[in-house]
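Here the structure is laid out as structure tokens; the discussion comes afterwards.
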Amino acid sequence: MSHTRPSYLGAEQTMIAAIHPLCGDPALWYLKIMALDERTRLLAQQSPTRSAPYPEWNGKAAEPEEAPSRFGLWQIGALFGIMLAYANTSLVWATHETVASRFDTLRSSSWMMTSFTIGYCVTLPLYGRLSDNYGRLRPLIASYSIFSFGCTLCGVGQTYWQVVLGRIITGCGASGIISLASIVITDIAPPSDVAVLRSYVNVASSIGLASGGPVGGLLVGTFGWRWSFLGQVPIVAICCLLTARGLQKYLPHVKEEEEEEEEEEYEEEERDSINSEAAMKSPTMSFDYPGAIFLAIGMASFLTVIDLQSQLSWGHPVIIGTTSLCVLSVLAFFAFETWPGNRELLIPLRLLKTGVGAYCAGQFISQIAPYFSNTQGLSDAQAGGHIAPSSFGSALGNLFAGQMIKRFGSYKKLSLTALFLSIATSLLILVQWSHPIGVLAGLAVFPFGFFGGIILSTQFIGLYNCASKPEMATAIGMYYMSQQIGIALGISCTSSLLKRQFQATLEQRLVGIPHYMEIIKKILTDSSVVAALPASVRLLVARCFMASFWVVPAFSIATQVFAVLPMALARERRAGDRGKSETEQVAVSGAGIDA
Numbered sequence: 002m003s004h005t006r007p008s009y010l011g012a013e014q015t016m017i018a019a020i021h022p023l024c025g026d027p028a029l030w031y032l033k034i035m036a037l038d039e040r041t042r043l044l045a046q047q048s049p050t051r052s053a054p055y056p057e058w059n060g061k062a063a064e065p066e067e068a069p070s071r072f073g074l075w076q077i078g079a080l081f082g083i084m085l086a087y088a089n090t091s092l093v094w095a096t097h098e099t100v101a102s103r104f105d106t107l108r109s110s111s112w113m114m115t116s117f118t119i120g121y122c123v124t125l126p127l128y129g130r131l132s133d134n135y136g137r138l139r140p141l142i143a144s145y146s147i148f149s150f151g152c153t154l155c156g157v158g159q160t161y162w163q164v165v166l167g168r169i170i171t172g173c174g175a176s177g178i179i180s181l182a183s184i185v186i187t188d189i190a191p192p193s194d195v196a197v198l199r200s201y202v203n204v205a206s207s208i209g210l211a212s213g214g215p216v217g218g219l220l221v222g223t224f225g226w227r228w229s230f231l232g233q234v235p236i237v238a239i240c241c242l243l244t245a246r247g248l249q250k251y252l253p254h255v256k257e258e259e260e261e262e263e264e265e266e267y268e269e270e271e272r273d274s275i276n277s278e279a280a281m282k283s284p285t286m287s288f289d290y291p292g293a294i295f296l297a298i299g300m301a302s303f304l305t306v307i308d309l310q311s312q313l314s315w316g317h318p319v320i321i322g323t324t325s326l327c328v329l330s331v332l333a334f335f336a337f338e339t340w341p342g343n344r345e346l347l348i349p350l351r352l353l354k355t356g357v358g359a360y361c362a363g364q365f366i367s368q369i370a371p372y373f374s375n376t377q378g379l380s381d382a383q384a385g386g387h388i389a390p391s392s393f394g395s396a397l398g399n400l401f402a403g404q405m406i407k408r409f410g411s412y413k414k415l416s417l418t419a420l421f422l423s424i425a426t427s428l429l430i431l432v433q434w435s436h437p438i439g440v441l442a443g444l445a446v447f448p449f450g451f452f453g454g455i456i457l458s459t460q461f462i463g464l465y466n467c468a469s470k471p472e473m474a475t476a477i478g479m480y481y482m483s484q485q486i487g488i489a490l491g492i493s494c495t496s497s498l499l500k501r502q503f504q505a506t507l508e509q510r511l512v513g514i515p516h517y518m519e520i521i522k523k524i525l526t527d528s529s530v531v532a533a534l535p536a537s538v539r540l541l542v543a544r545c546f547m548a549s550f551w552v553v554p555a556f557s558i559a560t561q562v563f564a565v566l567p568m569a570l571a572r573e574r575r576a577g578d579r580g581k582s583e584t585e586q587v588a589v590s591g592a593g594i595d596a
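For what it's worth, the numbering used here labels the leading residue of the sequence shown as 2, then goes sequentially.
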């Protein structure tokens, strides 16, 4: 690689140029050398969280190669892994009612999705910390392994709650697959290629969402629902091998035991010399275990309340107890994050000055497949295929937003415009989807996904421009966690609202049919019962579902209107403003994440 040497270098350049082939750009080394003073150690410390020995070749440590802009093995493996993680999500969106019906637990079908989110959100901050302490490669390989184990448990589970446990474990692995890929991109890709690779990540996620529903539904109809999970295991293994093989060139290896002991001895000397309390903390002991535990309990209890309130009254002891546990856990979480002591914060509250403000991107999409399945008698594969237009629209929206931001440099106006157009699309769906719809009306999900893709892309750019470099990994983790929490809340709330409204409509319109209460109970327990009903009753049930579906787009409109204010108040920062004061960066980064 050629380097242009600046003309201002004087006699020092001769010495530095001599070591240029081994040490890189002479201008960079000139600035480093001129910054030295008498207190600088002759051998600089390697950070244990970032640095590790590079692969050895002929007895000499080799420097990591620069990531190429073209696709390599690690990029292919990482993108296919992301695609599979999102395909797993849309697969469950399309088939969760079918799987729950096989265990006669249709009322608890939403736990197929919310359990995934619990595992995803709880472990997401952990991967950032683990990657800092042990490098990027080991946690990434671990995430693939955890994902495979979760899919296996889902496929072989003999009870519904064993399948739910498998979904929790799958979410734990998916969070690492998705977040670490973005962190690796920001680590090793040239700055000019980060935006391009990020667009590839968005496209991969959209393709995964689009393909997971129909492919999973096809597998369920052909081989059974278990193989829709077991079939993912060999694909994950291939992605893991490709990623690990490709990243060996670009990411440093983990230290050998002898080198770790030498570094520990050096760190002890360094602690004594600088008397730094932060350096004295062990990465394991200083981890925010209380924050992680209370966050998990709070999320699980909240989602349990959302799921149970459709079956039990708000005055039921179980609802009261679970709600109290949720409130206490959330308060404890904020208390531990406000007064951290010697712990490293799981989620720095200074980045959340105006609240998380998670955009509920999945509150409508999660109900597209059940809508078509219940109203048109479609198979899981056919119903899942109706998610595809929204996913493709999201991919195009991401690409469109990237090009617009690259050309004009502004993202706030584009984000607000897309939000208002998304609200208009939801109003159109609210009006049309309460009645039998045709092909064109069904394609209304395409602009919904298109505008949603623009919003997600612009908010990530705002986050990237606002977050400081040391906080980038944490900010990226919070970005994905906010996204997933929004999806979980949307799914739980709309599922609960729709089931309650559907039950009320059935009780109102089936009152003249003999044994109608028994029929309603069976319909709410097992969706496959509808196919066995007489044609006249099936038609009536379908109309009841259509008449109840209005709550889904109505909830979508409400959440999007609620998001207008924080997005409008968020300050826009350009890429050239990233070097400004840290206080300003932190304040704006919180608003950027909220929006």
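Glycine included, each C-beta is placed from N, C-alpha and C at the ideal position.
Please read all numbers here as calculations on a predicted model, not as lab measurements.
| Check | Outcome |
| --- | --- |
| Residue of 406, 166 and 426 minimising C-alpha distance to residue 394 | 426 |
| Distance, residue 466 Cα to residue 587 Cα | Because the pLDDT at residue 587 is just 42, under 50, the model does not fix this residue reliably, and the value given afterwards should be weighed accordingly. Their Cα atoms are separated by approximately 11 Å. |
| Close-in-space but distant-in-sequence residues of the same chain around residue 541 (CB under 7 Å, 5 per side omitted) | 510 and 511 |
| Buried versus exposed, by CB contacts within 10 Å (16 or more), residue 410 | exposed |
| Residue 401 to residue 480 span [Cα, whole Å] | 20 Å |
| Exposure label - residue 482; buried when at least 16 CB within 10 Å | buried |
| Proximity below 7 Å, CB of residue 461 to CB of residue 419 | no |
| Neighbourhood of residue 245 by C-beta, 7 Å cutoff - its chain only, sequence neighbours within 5 removed | 138 and 142 |
| Min CB distance residue 534 to chain B below 7 Å | Included in the structure is just one protein chain, with no chain B present. |
| Boundaries (first-last residue) of the alpha helix (DSSP H) holding residue 97 | 74–103 |
| Spatially closest choice to residue 221 from 100, 562, 408 and 522, by CA coordinates | 100 |
| DSSP-derived helix/strand/coil call for residue 118 | helix |
| Through-space distance from residue 514 to residue 233, alpha-carbon basis | 45 Å |
| Option in 404, 555, 397 and 113 with minimal Cα separation from residue 167 | 113 |
| C-beta atoms of residue 454 and residue 398 nearer than 7 Å | yes |
| Contact under 7 Å by Cβ, residue 547 with residue 435 | yes |
| For residue 511, three-class secondary structure by DSSP | coil |
| Sequence-distant residues of its chain with Cβ nearer than 7 Å to residue 305 (five each side left out) | 323 |
| Opening and closing residue of the alpha helix (DSSP H) in which residue 394 lies | 389–409 |
| Among 392, 162, 294 and 199, nearest to residue 447 - alpha-carbon criterion | 392 |
| Closest by C-alpha distance to residue 422, when choosing among 456, 405 and 89 | 456 |
| Contact belief for residue 206 with residue 124 at Cβ below 8 Å, rounded distance in angstroms | In fact, because the Cβ distance is near 18 Å, the residues do not count as touching under 8 Å. |
| Alpha-carbon spacing of residue 84 relative to residue 473, whole angstroms | 23 Å |
| Chain-order list of residues whose beta-carbon lies under 8 Å from that of residue 558 (same chain, five-residue window excluded) | 424, 427, 428 and 431 |
| Nearest to residue 329 (by Cα), restricted to the options 227, 314 and 298 | 298 |
| The stretch 211–229 touching the stretch 81–98, judged by at least three CB pairs closer than 8 Å | yes |
| DSSP three-state assignment for residue 475, whether helix, strand or coil | helix |
| Residue 335, DSSP secondary structure in three states | helix |
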